[in-house]
Ligand SMILES: C[S@@+](CC[C@H](N)C(=O)[O-])C[C@H]1O[C@@H](n2cnc3c(N)ncnc32)[C@H](O)[C@@H]1O
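Numbering (the working numbering), first residue to last: 11 to 223.
This is the structure we're talking about:
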């Protein structure tokens, strides 16, 4: 299939049919616990890094953008029960697995159904890469976070492209590419090469962007 037909000529606008296709694909994938697990080991560095960057969360509002089954939100909720965590995802089937105590919201990160500055912090793990309209999604995530709020994004590195099989719409990012999108809205942005384990050198697959709005 020529997937380019799903995009407008400018490449920036998304055909609503493609969003529906992406949603249907994740709705279907929700039953695949092996590849889309609903839990994650809290010792994994991705989790620790988000926890460290977001800081203390008691009484704070946190948005998990493209939360899937809420494996990250589950840990945040367990470790910080007084945090008000909301998971947003395109796929209602994924959201069915979200843990009790975590609020859920179906929608697209490119049009977040929240007022400006609703959240103290937001994070997105392996989800922005599916948003297609990347600049729009980054602007939306930043819009709903308060000034001074923290944002963490973990996605795959464009340099490692080809290492895994991916759907046609999935984008992997260069360090500077996503950093410059975040810098449009955030006063501080850092990028780190990361691996699953803190004491294992990164193999180039994952990057983390840590921002302060
Ligand atoms: C690979 S899963 C990652 C899920 C979760 N963040 C995790 O790490 O377990 C990608 C998720 O992004 C969601 N997604 C894709 N496009 C989205 C969009 N435009 N807005 C919100 N969620 C989206 C999918 O439905 C899916 O649940």
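Note that beta-carbon positions come from the ideal geometry of N, C-alpha and C, so glycine has one too.
Contacts around residue i, its chain only, beta-carbon distance under 8 Å, and the 5 residues preceding and following it disregarded
| i | result |
| --- | --- |
| residue 59 | 162, 164, 202, 204, 218 and 220 |
| residue 18 | Per-residue confidence for residue 18 stands at a pLDDT of 37, beneath the threshold of 50, marking its modelled position as unreliable; the derived number appears in the next sentence. 24 and 25. |
| residue 37 | 101, 102, 103 and 104 |
| residue 87 | 93, 95, 109, 111 and 112 |
| residue 197 | 222 and 223 |
| residue 35 | 177 |
| residue 47 | 79 and 81 |
DSSP-derived helix/strand/coil call for residue i
| i | result |
| --- | --- |
| residue 31 | helix |
| residue 156 | strand |
| residue 61 | helix |
| residue 148 | helix |
| residue 203 | strand |
| residue 222 | strand |
| residue 67 | coil |
| residue 124 | coil |
| residue 189 | helix |
| residue 37 | helix |
| residue 134 | strand |
| residue 168 | helix |
Beta-carbon proximity list for residue i, same chain, < 6 Å, skipping 5 on both sides
| i | result |
| --- | --- |
| residue 56 | 164 |
| residue 145 | 191 |
| residue 71 | 94, 129 and 130 |
| residue 159 | 130, 131 and 223 |
| residue 118 | 100 |
| residue 85 | 52 and 57 |
| residue 121 | none |
Opening and closing residue of the beta strand (DSSP E) in which residue i lies
| i | result |
| --- | --- |
| residue 140 | Per DSSP, residue 140 belongs to no beta strand (DSSP E) and is neither H nor E. |
| residue 116 | 113-116 |
| residue 45 | Counting along the chain, residue 45 falls outside any beta strand (DSSP E), and DSSP gives it neither H nor E. |
| residue 72 | 71-75 |
| residue 174 | Element bounds for residue 174: n/a, residue is neither H nor E. |
Environment of residue i [buried if 16+ CB atoms lie within 10 Å]
| i | result |
| --- | --- |
| residue 62 | exposed |
| residue 132 | buried |
| residue 199 | buried |
| residue 45 | exposed |
| residue 193 | exposed |
| residue 51 | exposed |
| residue 173 | exposed |
| residue 74 | buried |
| residue 214 | exposed |
| residue 40 | buried |
| residue 143 | buried |
| residue 150 | buried |
| residue 65 | exposed |
| residue 69 | exposed |
| residue 139 | buried |
Cut-off 7 Å between Cβ atoms - residues of its own chain near residue i, not counting five sequence neighbours on either side
| i | result |
| --- | --- |
| residue 99 | 76, 77, 78, 105 and 116 |
| residue 185 | 201 and 217 |
| residue 169 | 214 |
Residue span of the alpha helix (DSSP H) that contains residue i, given as start and end
| i | result |
| --- | --- |
| residue 195 | No alpha helix (DSSP H) contains residue 195, which DSSP labels as neither H nor E. |
| residue 102 | 102-105 |
| residue 84 | 81-89 |
Under 5 Å, CB to any heavy atom of ligand 1. Which residues pass, going along the chain? Taken from the N-terminal end onward, the list reads 36, 76, 78, 81, 99, 100, 101, 104, 118, 119, 135, 136, 137, 140 and 141.
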